[in-house]
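Chains A and B are the protein sequences, given in the same order.
Mapping the first sequence onto the working numbering, position 355 (from 1) lands on 355, and the numbers just tick up by one.
If you want the working numbering, it's the 1-based position in the second sequence plus 496.
The C-beta atom is built at its ideal place from N, Cα and C for all residues, glycine as well.
Contents: one structure, followed by commentary.
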Amino acid sequence: MDSFLDGLQLLARFDVIAALLIGSIGGVLVGAMPGVGAAVAIAIALPVTFSLEPIVGLTLLLGIYGSSMYGGAIPAILVNTPGTPVNALTTYDGYPMTKRGEARRALSLAYSASFIGAMLSIIALMLLAPVLARVAPMFGAREIFLAALLGIVLVVVTHRGQVLPAAILACLGIFLSTIGIEPSAYTQRFTFGQSWLQSGVDLIVVVLGLFAISQALVLLMDKDKRVALPHVEKVGFFTQMRDLWICKRIAAVASSFGVICGMIPGVGEFMSQFMSYSYAQRTSKTPEAFGKGNPEGIVASEAANNSVPAAAMIPLLALGIPGEELTAMMLAVFYVHNVVPGPRLFAQQMDFIYALYIGLFILNVIVVAFLFFSTRTLMKVMLIPNRFLGIMILTFSLIGIYTLRNSLTDVAVATAFGFFGFILKRLELPTSPIILGIVLGKLMEDRLRIAMARVREPWDFIDRPIAFVLFLMIVAAIAVQIWTVVRARRKGRTDG
Amino acid sequence: MHQQDEDHPHVFPESRKPGEILFVTISMTIALLLLAAIPWQTTWLPGKGLAAQPRLWPALSLGGIVLFGLLNAMSRVRVTRTPGRWQEAGVWLRSLEFIGWYMLYVLVIPVIGYLIATLAFCTGLALRMGYRGRTVWIAAGFGLFVVLFFKSGMNVKIPSGAIYDHAPGSLRYILMRYF
């Protein structure tokens with residue numbers, strides 16, 4: 001209880017509350033702009049937060065992270081264009097409802113389902129905190145290595161249809177993490193005699209290039225689309241929130257899927273949405289209405305994706321293992337502010353952990369209140385032309401890169417990654433495995449070196465219960481993937 | 497999800513994107529060159545275990561790129577190809593124009609200062625994109641807002657312009673500090 005009150009005290013400051021407000025409302029705004037999204041916004045804001053106090057910087061980014069998906073539902077429902085990639089499933093049922101003249105009902109369902117998902121996820125996180133505090137110290141070097149390896153394997157195998165490219169890109173990320181002077185024997189790796197490569201490839205520079213600059217290039221090379229905003233009636237949102245009660249079972253199950261998928265590194269929103277949507281359709285009395293404007297579809301999609309951010313903080317805070325690119329960026333902020341996630345954080349800074357939970361709770365309340373009263377105004381951000389957004393992102397990204405070290409080399413490296421990211425996006429290849437490869441690659445190398453000092457035989461590596469379970473999970477994930485490929489080939493899909 | 501997707505997991509994409517093989521070929525070539533450079537770009541420490549070798553992770557990761565790249569090429573070669581490889585490469589190259597704009601913007605900041613460079617970048621790019629009239633003014637307003645918010649308000653570290661050295665005493669300080 002003391003830690004909880006201390007956490008509350010940490011947040012009870014003007015600058016922290018201002019950061020929460022700016023982050024959560026800013027997150028909704030960037031989420032509502034198709035083509036921007038949380039990854040771009042966090043990438044740009046990340047270096048700017050380095051000059052702020054840890055709790056201020058973190059709440060600002062947490063606000064963007066936790067609220068962008070709310071905003072992303074607006075263009076998904078109103079103009080059939082998901083604001084963020086994870087809102088894609090919302091278009092299936094949201095847009096048909098808009099065409100039927102039920103835009104306000106669809107938005108209301110999306111907001112309330114998102115809120116329920118986020119709240120259940122925060123409650124799960126708070127209940128799990130004491131358990132985590134006890135379990136996290138059981139993770140030694142080999143367990144953390146295996147958990148990071150599991151994260152890499154899962155991030156690869158969950159890219160359905162792109163498993164091999166995802167594996168290539170994850171390996172590229174791991175390779176990038178090895179460039180520079182390595183920290184154990186201080187030898188140089190792939191520096192080619194260049195002094196600027198000795199400190200390695202900076203994660204923030206890569207993130208800015210791959211997410212911000214590449215997205216700006218995508219938008220600048222695209223054509224401006226004419227967006228016709230539909231009419232959204234003035235009926236109070238709260239009167240329509242009762243709709244959610246009809247779908248309470250779907251909301252609860254979808255949130256649970258979100259929490260579970262969020263907790264497992266590398267899985268995240270897409271898998272939780274897929275599972276929730278499939279469940280909702282399978283158990284619905286009107287499965288044929290899915291994809292044609294079924295409210296249950298919106299609830300399944302939005303509750304699932306909004307329950308992930310809080311749950312994704314679990315492996316990040318307990319073990320220092322990010323589950324996807326956004327938590328990887330959050331990890332960078334933790335490190336910059338000398339907050340080292342891992343077992344010790346729970347033992348020594350429980351007030352900080354509680355402050356993050358409470359911050360997540362408050363931001364969800366702010367976002368829902370903001371959305372219920374300002375959706376009609378917020379809709380106007382969808383009218384900003386694509387290419388103008390591209391100019392805006394390029395202008396903002398310069399601040400992000402320059403704030404780091406005032407280095408022209410960083411700008412050149414970021415633009416090179418921006419060009420590379422642009423090609424990946426053109427080819428519809430994922431960028432997140434690169435980021436996770438960089439973060440987890442460094443962690444794996446370090447932990448394996450420590451772990452192997454105490455290992456005499458290979459079996460010793462997995463002779464502890466947690467290590468053994470993690471090892472089994474890795475084997476199972478790979479086996480399931482191989483089985484899926486073999487099954488698909490047997491069914492004659494080899495040409496497709 | 498549709499029932500069909502449940503029965504037939506989407507393991508292999510339906511068609512090959514234009515430029516995919518070109519991209520894979522370039523990536524594989526770079527990976528192979530880097531792999532070949534391992535002996536003189538990394539060190540092998542005698543007497544140390546494999547896990548402690550600085551060479552291990554670069555070799556594993558580059559080996560992974562080559563291995564998965566080969567598997568990918570093998571699985572994709574039979575997939576229906578969408579024509580337009582060189583047109584796609586043309587799109588990639590055309591995007592370099594905006595990288596040129598961006599680099600120019602970065603390079604002129606230490607000369608003409610952040611304010612003028614940002615205003616010129618935003619309005620110039622807006623004109624290049626075909627916007628005219630009110631949108632160009634909005635672009636200029638946006639550039640001004642960025643400078644006032646980040647440089648004047650938040651004092652982010654962006655170099656001041658050499659041009660400011662020619663301004664008189666106190667104005668010079670204001671320009672360097674806030675713009």
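{"Check": "Does the beta carbon of residue 97(A) sit closer than 7 Å to a beta carbon anywhere in chain B?", "Outcome": "no"}
{"Check": "Counting contacts by CB-CB distance shorter than 7 Å, is residue 669(B) in contact with chain A?", "Outcome": "no"}
{"Check": "Would DSSP call residue 405(A) helix, strand or coil?", "Outcome": "helix"}
{"Check": "Name the DSSP bridge partner or partners of residue 181(A)?", "Outcome": "188(A)"}
{"Check": "Residues of chain B with a CB under 8 Å from the CB of residue 313(A): which are they?", "Outcome": "The premise fails here: residue 313(A) is roughly 27 Å from chain B at the closest Cβ pair, so nothing lies under 8 Å."}
{"Check": "Here's the rule: buried if 16 or more other CB atoms are within 10 angstroms of the residue's CB, otherwise exposed. What is residue 365(A)?", "Outcome": "exposed"}
{"Check": "To the nearest angstrom, how far is the alpha carbon of residue 90(A) from that of residue 615(B)?", "Outcome": "38 Å"}
{"Check": "Any Cβ of chain B within less than 7 Å of the Cβ of residue 411(A)?", "Outcome": "yes"}
{"Check": "Does the structure place the stretch 213-224 of chain A close enough to the stretch 387-403 of chain A that three or more beta carbon pairs sit under 8 Å?", "Outcome": "yes"}
{"Check": "Can you tell me whether DSSP reads residue 574(B) as helix, strand or coil?", "Outcome": "coil"}
{"Check": "Is residue 625(B) close to chain A? Criterion is C-beta to C-beta, closer than 7 Å.", "Outcome": "yes"}
{"Check": "Starting from the N-terminal side, write out each stretch of the alpha helix (DSSP H) that is 4 residues or longer and does not extend beyond the stretch 322-352 of chain A.", "Outcome": "325-336, 343-348"}
{"Check": "Which first and last residues belong to the alpha helix (DSSP H) in which residue 72(A) is found?", "Outcome": "54-79"}
{"Check": "Determine the direct distance from the alpha carbon of residue 441(A) to that of residue 413(A), and round the result to whole angstroms.", "Outcome": "20 Å"}
{"Check": "Is there at least one Cβ from chain B nearer than 7 Å to residue 142(A)'s Cβ?", "Outcome": "no"}
{"Check": "Which class does residue 662(B) belong to by DSSP, given the choice of helix, strand or coil?", "Outcome": "helix"}
{"Check": "Leaving out five residues before and five after residue 485(A) in sequence, what residues of the same chain have Cβ atoms less than 6 Å from its Cβ?", "Outcome": "none"}
{"Check": "Would you call the CB atoms of residue 358(A) and residue 128(A) closer than 7 Å?", "Outcome": "no"}
{"Check": "If we define contact as Cβ-Cβ less than 7 Å, is residue 564(B) a contact residue for chain A?", "Outcome": "yes"}
{"Check": "How close, in whole Å, do the beta carbons of residue 356(A) and residue 313(A) come, if the pair is a contact with beta carbons under 8 Å?", "Outcome": "7 Å"}
{"Check": "Say whether chain A places a C-beta atom closer than 7 Å to the C-beta of residue 646(B).", "Outcome": "yes"}
{"Check": "I need the straight-line Cα distance from residue 181(A) to residue 443(A), nearest angstrom please.", "Outcome": "15 Å"}
{"Check": "Beta-carbon of residue 583(B) versus every beta-carbon of chain A: anything under 7 Å?", "Outcome": "no"}
{"Check": "Using alpha carbons as the reference points, say which of 30(A), 21(A), 48(A), 70(A) lies closest to residue 371(A).", "Outcome": "70(A)"}
{"Check": "Assign residue 526(B) to one of two classes, buried (16 or more other C-beta atoms within 10 Å of its C-beta) or exposed (fewer than that).", "Outcome": "exposed"}
{"Check": "Taking the continuous alpha helix (DSSP H) assigned at residue 123(A), which residues delimit it?", "Outcome": "103-135"}
{"Check": "Please look up how many angstroms separate the CB atoms of residue 254(A) and residue 303(A), rounded, as I've assumed it's under 8 Å.", "Outcome": "4 Å"}
{"Check": "Could you compute how far the alpha carbon of residue 137(A) sits from the alpha carbon of residue 455(A)?", "Outcome": "19 Å"}
{"Check": "Determine the extent of the alpha helix (DSSP H) in which residue 263(A) is found, giving its start and end residues.", "Outcome": "248-263"}
{"Check": "I want to verify the contact list: residues of chain B whose CB lies under 9 Å from the CB of residue 242(A), in sequence order.", "Outcome": "Those do not exist, as residue 242(A) stays about 28 Å from chain B at its closest Cβ, beyond 9 Å."}
{"Check": "Verify whether the separation of the beta carbon atoms of residue 452(A) and residue 545(B) is less than 7 Å.", "Outcome": "yes"}
{"Check": "Note down, in chain order, every chain B residue with its Cβ under 8 Å from the Cβ of residue 187(A).", "Outcome": "538, 539, 541, 550"}
{"Check": "Distance check for residue 404(A) and residue 43(A), CA to CA, integer angstroms please.", "Outcome": "12 Å"}
{"Check": "Would you say residue 171(A) lies against chain B (beta-carbon separation less than 7 Å)?", "Outcome": "yes"}
{"Check": "Contact between the stretch 277-285 of chain A and the stretch 30-48 of chain A is defined here as three or more beta-carbon pairs at a separation below 8 Å; is this criterion met?", "Outcome": "no"}
{"Check": "Reducing DSSP to helix, strand and coil, say where residue 30(A) ends up.", "Outcome": "helix"}
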